[in-house]
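Start counting the sequence shown at 61; every next residue gets the next number (the numbering used here).
Working notes, structure below.
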Amino acid sequence: MEGSEAIRPDKYGAAGNGEQWKDVGRFQKTERRGDTFVLRGERGGAAVLFPAEGIFRIKFFRKGEPDLSATVAIDPAFRQKSESGIELEETGDRVVLRSSLIALEVDKSTFALTVRDKEGKVLCHQKSLAFHPRSGVHALYDMPQDSHFYGLGEKSSFLDKRGERYTNWNTDVYAPHVPEIEALYQSIPFVIHMSGKTSYGLFLDNPGRTEVDMRTHAESFAMGCSTGDYDLYFIAGPSVKDVVTRYTSLTGRIELPPKWALGYHQSRYSYMDQEEVLELARTFRDKNIPCDVIYLDIHYMDGYRVFTFDPVRFPDPRAMMKELRDMGIRIVPIVDPGVKKDPTYPVYREGVQQEHFCTRLEGGIYFDEVWPGTSAFPDFTDDRTSKWWGDLHSFYTENGIEGIWNDMNEPAVFNESKTMDLDVIHRNNGDMKTHEELHNLYGLLMSKATAEGLKRQLDNRRPFVLTRAGYAGIQRYAAVWTGDNRSFWEHMALAMPMVLNMGLSGLPFAGPDIGGFAHHTSGQLLVRWTQMGAFFPYFRNHSAIDTLRQEPWAFGTETEEIIRKYIGLRYRWLPHIYNLFQEASMTGMPVIRPLVLEYPDDPNVTNLCDQFLLGDSVLIAPVYRPDTDHRAVYLPEGAWFDYWTGEKLEGGRYILASCPLETMPMYVKAGSVVPEGALTQHADDQTNGNVTFHIYGAAARTGFKAEYSLYEDDGATYDYRDQTYSRLNVCLEGKEGGLGLSYAYAHRKYEANRSLLRFKLHRPDFAVKEVTGLASVSAEQLQEGAEGWHVDGNGGLIIQTADRSAGASWTIETAK
Ligand code: MIG
Numbered sequence: 061m062e063g064s065e066a067i068r069p070d071k072y073g074a075a076g077n078g079e080q081w082k083d084v085g086r087f088q089k090t091e092r093r094g095d096t097f098v099l100r101g102e103r104g105g106a107a108v109l110f111p112a113e114g115i116f117r118i119k120f121f122r123k124g125e126p127d128l129s130a131t132v133a134i135d136p137a138f139r140q141k142s143e144s145g146i147e148l149e150e151t152g153d154r155v156v157l158r159s160s161l162i163a164l165e166v167d168k169s170t171f172a173l174t175v176r177d178k179e180g181k182v183l184c185h186q187k188s189l190a191f192h193p194r195s196g197v198h199a200l201y202d203m204p205q206d207s208h209f210y211g212l213g214e215k216s217s218f219l220d221k222r223g224e225r226y227t228n229w230n231t232d233v234y235a236p237h238v239p240e241i242e243a244l245y246q247s248i249p250f251v252i253h254m255s256g257k258t259s260y261g262l263f264l265d266n267p268g269r270t271e272v273d274m275r276t277h278a279e280s281f282a283m284g285c286s287t288g289d290y291d292l293y294f295i296a297g298p299s300v301k302d303v304v305t306r307y308t309s310l311t312g313r314i315e316l317p318p319k320w321a322l323g324y325h326q327s328r329y330s331y332m333d334q335e336e337v338l339e340l341a342r343t344f345r346d347k348n349i350p351c352d353v354i355y356l357d358i359h360y361m362d363g364y365r366v367f368t369f370d371p372v373r374f375p376d377p378r379a380m381m382k383e384l385r386d387m388g389i390r391i392v393p394i395v396d397p398g399v400k401k402d403p404t405y406p407v408y409r410e411g412v413q414q415e416h417f418c419t420r421l422e423g424g425i426y427f428d429e430v431w432p433g434t435s436a437f438p439d440f441t442d443d444r445t446s447k448w449w450g451d452l453h454s455f456y457t458e459n460g461i462e463g464i465w466n467d468m469n470e471p472a473v474f475n476e477s478k479t480m481d482l483d484v485i486h487r488n489n490g491d492m493k494t495h496e497e498l499h500n501l502y503g504l505l506m507s508k509a510t511a512e513g514l515k516r517q518l519d520n521r522r523p524f525v526l527t528r529a530g531y532a533g534i535q536r537y538a539a540v541w542t543g544d545n546r547s548f549w550e551h552m553a554l555a556m557p558m559v560l561n562m563g564l565s566g567l568p569f570a571g572p573d574i575g576g577f578a579h580h581t582s583g584q585l586l587v588r589w590t591q592m593g594a595f596f597p598y599f600r601n602h603s604a605i606d607t608l609r610q611e612p613w614a615f616g617t618e619t620e621e622i623i624r625k626y627i628g629l630r631y632r633w634l635p636h637i638y639n640l641f642q643e644a645s646m647t648g649m650p651v652i653r654p655l656v657l658e659y660p661d662d663p664n665v666t667n668l669c670d671q672f673l674l675g676d677s678v679l680i681a682p683v684y685r686p687d688t689d690h691r692a693v694y695l696p697e698g699a700w701f702d703y704w705t706g707e708k709l710e711g712g713r714y715i716l717a718s719c720p721l722e723t724m725p726m727y728v729k730a731g732s733v734v735p736e737g738a739l740t741q742h743a744d745d746q747t748n749g750n751v752t753f754h755i756y757g758a759a760a761r762t763g764f765k766a767e768y769s770l771y772e773d774d775g776a777t778y779d780y781r782d783q784t785y786s787r788l789n790v791c792l793e794g795k796e797g798g799l800g801l802s803y804a805y806a807h808r809k810y811e812a813n814r815s816l817l818r819f820k821l822h823r824p825d826f827a828v829k830e831v832t833g834l835a836s837v838s839a840e841q842l843q844e845g846a847e848g849w850h851v852d853g854n855g856g857l858i859i860q861t862a863d864r865s866a867g868a869s870w871t872i873e874t875a876k
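Structure representation (structure tokens):
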């Protein structure tokens, strides 16, 4: 394979100094075209645009005129967009472009770039940028001693990427997922650089092969591409959160998923026939283990032909689907891109006749080997073909299917290069490109076509798409699972930094195969992995053919019991998890977060990735080693409550947590609120919408405040876009002589099916005298649904009330 070889900095010395590499040369002049600035050098130059506040785009070109087109990664609203009001300032030795938040300075003699904030502080310095005469562009950036790196999507190794080097080239890596693997299934050439208290992001929007190297040079990091343009977005902070917010405004945010997609999913390569699938579903229900989805892997198809069911194994898919739906279980079938070469197969025939497949320049379809044997590959770069592919999904939706699993879409091919030949041609809506130039877009475009097709067919219901391959912006179309991991404790641990960095890369809806895909899991590993998975955004147990079965009951009753408990916990926590997804859809903030996102000033957490936060206030510390009943947990500043024992713990230190097999350490921050719903067997069961707001560490002093804003909707349709949702605000506030507790609907166009709301104050720092306006009731009366307040054995205060649109407020009087 040719590519980044050509730009290996260790081969050619510092970029721009080698014989072959040529930089832009001395600055010549600036041309202003409306809101776009073209900076010309002796050789080529760069166009600069300001698509949004705190972001500029600089696209380098070798000669002639810059091409300002942008890839599908960029939200359409920001393609070619530039803000007005940019000031241009030219002095003897530099040109400065000044926007409201940042200024870009170009050194006239070297074309080096310096980015400063409003105060003039240097944020980023691009020392050099050079073109290789054949192809490839390479740039070096300052890397101070205290630099930390995050993002980069789906990569192995630890959270902080300093000292690593990665290639972005979507690759089907069955094995091994080890630290030295530079490329996996997803490519997100976006890196967050944090130095001191300041962070910024760089997004190199190039869907060919790109490289990010934070290892080779002592004081610089490098970002380069092998083909195509150096199309760079600088994204200002100053905090990592600011960078993530801006990056996701540029590349888009997730759509609110259907609630069922947030439940527990069960998969296997493969559940072989209709009866096995039904039996599996019945077992979940018999055993009272919640489950929303069963996956159909490749064996469901007729000779691996996509858009077919095997007539022997699945003689009546519609009846199967109906029976499953009555149990509250959905089917998500796998769809690979390869279309079997078979002149009697309608999809193949139509594809050939309507010219939907990738071709050679010289003419003729590109064929290669995948599961169905010799296959052709749809050219999703053409909107016409994507529409065709999307429409084909009516085959599934007419059978009651609302979710699709896209696999092998790197694309993976059974040949030496493991992917499509680089000289295959993509029509690309008239702007023909080679596969080498567009490789990393293939998976994204397939999932985009799928999501858009499903949407057209689902009549206002939200679809679910799961993908293995993707590129920046994939979050707009699909959730991502991290491919073929193994049932190794090491791979369970690896999933934490991987999924956390995916979250920082705009991709909050992600997760690994729980229990591990290849190799054989054990009861203990499955328990520990399920405990962790219960709090991961995407929660699916999947395993490979020829491995031990790993359904929740596969290892006996003790492990089954613990797994049931943690899957149940996931369902009880769904109101909170759904809320976090809603936040992610609005702001891009990840659902699970590395501690460094919330505690950026704490030097202990810059590379902490064996524990994580769910939202901003729940700390999850999975156990990822065998036979372990204690582990170290770092509690950041503030007070924390042990979720299991209620014990209050001071943060800013390490503690040793006890963790027998049935316990995964979890902590809730003092002053925070976690809503919990009823335990259901599937996420779209709306029969009991009662919610309990758990409030931790209430303090009877002015200044204490705990708040929560609960978003709710039907969890299934797009009606929320027409205001059909509700927002319930809860507030507990310390004041003179007691505390005020209130709830109020800020918006209530959707009404959850419930009669009661409950508030539980865990370990308040006071004793309760009374709650004005409410009766004191017994535990039994609470059980029966009475309104009132009650203090339990641990001193916790429970307040139960009818759910009223008008809301209510009470004063909690404390005993002196
Ligand atoms: O070459 O469809 O990552 O989840 O079970 C293997 C069979 C193809 C790879 C996926 C895996 C899936 C498997 N697929």
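C-beta: ideal position from N, C-alpha, C; glycine also.
### Message
Any heavy atom of ligand 1 inside 8 Å of the beta-carbon of Gly731?
### Response
Mapped onto the sequence shown, residue 731 falls at position 671. Not under cutoff, so the answer is no.
### Query
First and last residue of the alpha helix (DSSP H) that includes Gln517?
As a first step, residue 517 must be located in the sequence shown, where it is residue number 457. 502-517 is the span of the alpha helix (DSSP H), which, as asked, contains Gln517.
### Query
In whole angstroms, what is the alpha-carbon distance linking Pro438 and Thr174?
Residue numbering aside, residue 438 sits at position 378 when the sequence shown is read from its first letter. Residue numbering aside, residue 174 sits at position 114 when the sequence shown is read from its first letter. Roughly 43 Å between the two C-alpha positions.
### Message
Using the Cβ count rule (16 or more neighbours within 10 Å means buried), how would you classify His602?
### Response
As a position in the sequence shown, residue 602 is number 542, starting the count at 1. Under this definition His602 is a buried residue.
### Query
Grouping DSSP H, G and I as helix and E and B as strand, with all else coil, what is Gly104?
Here residue 104 corresponds to residue number 44 of the sequence shown, with the count starting at 1. Secondary structure at Gly104: coil, using DSSP grouped into helix, strand and coil.
### Message
Rounded to whole angstroms, what is the Cα-Cα separation between Ile597 and Leu668?
### Response
Sequence index remark: in the sequence shown, residue 597 carries index 537 (1-based). Sequence index remark: in the sequence shown, residue 668 carries index 608 (1-based). The question names Ile, yet the displayed sequence has Pro at residue 597. Straight across, the Cα-Cα distance linking Pro597 with Leu668 is about 19 Å.
### Query
Any heavy atom of ligand 1 closer than 8 Å to the Cβ of Met468?
For this step, residue 468 is matched to residue 408 along the sequence shown. Taking non-hydrogen atoms of ligand 1 into account, the C-beta of Met468 is found less than 8 Å away from one of them.
### Message
Let me check you understand the geometry: is the CB of Ala806 closer than 8 Å to at least one non-hydrogen atom of ligand 1?
### Response
Within the sequence shown, residue 806 is the residue found at index 746, counting from 1. For ligand 1, no non-hydrogen atom lies closer than 8 Å to the CB of Ala806.
### Message
Taking DSSP's pairing of strands, which residues face Ala539 in a bridge?
### Response
For this step, residue 539 is matched to residue 479 along the sequence shown. Ala539 is bridged by DSSP to Leu526.
### Query
Using a Cβ-Cβ cut-off of 8 Å (strictly less than) and excluding sequence neighbours within five positions of Gly583, which residues of its own chain qualify?
As a working note, residue 583 is residue 523 in the sequence shown. Result list for Gly583: Ala614, Phe615, Gly616, Glu618, Thr619, in chain order.
### Query
Taking the alpha-carbon positions, what's the Ile464 to Gly575 distance?
Here residue 464 refers to the residue found at position 404 of the sequence shown. Here residue 575 refers to the residue found at position 515 of the sequence shown. If I take the Cα positions, the gap works out to 22 Å.
### Message
Let me check understanding here. Comparing Cα to Cα, which of His754, Met552, Asp519 lies closest to His636?
### Response
Residue 636 sits at position 576 when you count from the first residue of the sequence shown. Nearest option by C-alpha distance: His754.
### Task
Would you kindly work out how many angstroms separate the C-alpha atoms of Gly323 and Asn545, rounded to a whole number?
Translated into positions along the sequence shown, residue 323 becomes position 263. Translated into positions along the sequence shown, residue 545 becomes position 485. Roughly 21 Å separates the two Cα atoms.
### Query
In whole angstroms, what is the alpha-carbon distance linking Ala570 and Phe701?
For the purposes of this step, residue 570 is identified with residue 510 of the sequence shown, where counting begins at 1. For the purposes of this step, residue 701 is identified with residue 641 of the sequence shown, where counting begins at 1. Cα atoms of Ala570 and Phe701: separation of roughly 27 Å, rounded to the nearest angstrom.
### Message
Is Trp431 near ligand 1 - that is, is its Cβ less than 8 Å away from at least one heavy atom of it?
### Response
In the sequence shown, the residue the question calls residue 431 occupies position 371. Trp431: yes, Cβ under 8 Å from ligand 1.
### Message
Checking 9 Å against the spacing of the C-beta atoms, do Pro350 and Gly398 come in under that value?
### Response
Mapped onto the sequence shown, residue 350 falls at position 290. Mapped onto the sequence shown, residue 398 falls at position 338. With respect to Gly398, Pro350 sits apart: the two C-beta atoms are not nearer than 9 Å.
### Task
Would you kindly report the start and end of the unbroken alpha helix (DSSP H) that includes Ile627?
By one-based count along the sequence shown, residue 627 stands at place 567. Annotation for Ile627: the continuous alpha helix (DSSP H) segment containing it runs 617-632.
### Message
Let me check you understand the geometry: is the CB of Gly543 closer than 8 Å to at least one non-hydrogen atom of ligand 1?
### Response
By 1-based counting over the sequence shown, the position of residue 543 is 483. Distances between the C-beta of Gly543 and the heavy atoms of ligand 1 include at least one below 8 Å.
### Query
Comparing alpha-carbon positions, which option in Met274, Leu109, Glu830 lies nearest Ile859?
Reading the sequence shown from its first residue, position 799 is the one you call residue 859. Minimum Cα distance to Ile859 is reached at Glu830.
### Query
Run through DSSP, which three-state label would His453 get?
As a first step, residue 453 is located in the sequence shown; it is residue number 393 there, counting from the start. Three-state result, His453: coil.
### Query
Mapping DSSP to helix, strand and coil, what is Glu336?
The residue labelled residue 336 in the question sits at position 276 within the sequence shown. Reduced to three states, the DSSP call for Glu336 is helix.
### Message
Less than 9 Å between the C-beta atoms of Leu716 and Ala692, yes or no?
### Response
As a first step, residue 716 must be located in the sequence shown, where it is residue number 656. As a first step, residue 692 must be located in the sequence shown, where it is residue number 632. By the CB criterion at 9 Å, Leu716 and Ala692 fall inside the cutoff.
### Query
Under 9 Å between the Cβ atoms of Val300 and Leu673?
The count along the sequence shown starts at 1 and reaches residue 300 at position 240. The count along the sequence shown starts at 1 and reaches residue 673 at position 613. No, they are not a contact pair.
### Task
Specify, as a first and last residue, the run of the alpha helix (DSSP H) that Met558 falls within.
The sequence position of residue 558 within the sequence shown is 498, counting from 1. Segment 549-564, the alpha helix (DSSP H) holding Met558.
### Message
So, with DSSP's three-state summary, where would you put Gln841?
### Response
Here the question's residue 841 lines up with position 781 in the sequence shown. Under the three-state reduction of DSSP output, Gln841 falls in the helix class.
### Selected residue, minimal CA-CA separation from Thr170, among Arg176, Ala835, Val303, Val155
As a working note, residue 170 is residue 110 in the sequence shown. Checking every option, the nearest Cα to that of Thr170 belongs to Val155.
### Query
Around the C-beta of Lys215, are 16 or more other C-beta atoms found within 10 angstroms, so that it is buried, or is it exposed?
If you number the sequence shown from 1, residue 215 lands on position 155. Residue burial annotation: Lys215 is buried, with at least 16 other C-beta atoms found within 10 angstroms of its C-beta.
### Query
What is the DSSP secondary structure of Ser732, reduced to helix, strand or coil?
For the purposes of this step, residue 732 is identified with residue 672 of the sequence shown, where counting begins at 1. Ser732: coil per DSSP, three-state reduction.
### Query
Comparing alpha-carbon positions, which option in Tyr714, Gly268, Asp376 lies nearest Ser195?
Position 135 of the sequence shown, counted from the first residue, corresponds to residue 195. It is Gly268.
### Message
Please classify His551 as buried or exposed, where buried requires at least 16 other C-beta atoms within 10 Å of its C-beta.
### Response
For this step, residue 551 is matched to residue 491 along the sequence shown. Under this definition His551 is a buried residue.
### Residue nearest to Glu149 in terms of C-alpha spacing, selected from Gln140, Lys141, Arg685, Ser159
Stepping through the sequence shown from its first residue, residue 149 is reached at position 89. When the alpha-carbon of Glu149 is set against those of Gln140, Lys141, Arg685, Ser159, the nearest one is in Ser159.
### Message
Check this for me: beta carbons of Arg814 and Asp863, under 9 Å apart or not?
### Response
For this step, residue 814 is matched to residue 754 along the sequence shown. For this step, residue 863 is matched to residue 803 along the sequence shown. Yes, these two residues count as a Cβ contact at 9 Å.
### Query
Just checking my contact of Asn520 with Tyr778 at CB under 8 Å: how many whole Å lie between their CB atoms?
Here residue 520 corresponds to residue number 460 of the sequence shown, with the count starting at 1. Here residue 778 corresponds to residue number 718 of the sequence shown, with the count starting at 1. About 5 Å separates the two Cβ atoms, so the contact holds.
### Any non-hydrogen atom of ligand 1 within 8 Å of Phe577 CB
Numbered from its first residue, the sequence shown carries residue 577 at position 517. Within the chosen limit of 8 Å, ligand 1 reaches the beta carbon of Phe577 through at least one heavy atom.
#### Entry: Residue range of the unbroken alpha helix (DSSP H) whose run includes Asp135
Here residue 135 refers to the residue found at position 75 of the sequence shown. Unbroken run through Asp135: none, as it is neither H nor E.
#### Entry: Option in Gln334, Asp689, Lys447 with minimal Cα separation from Lys508
Along the sequence shown, one-based indexing puts residue 508 at 448. Per the Cα distances, Lys447.
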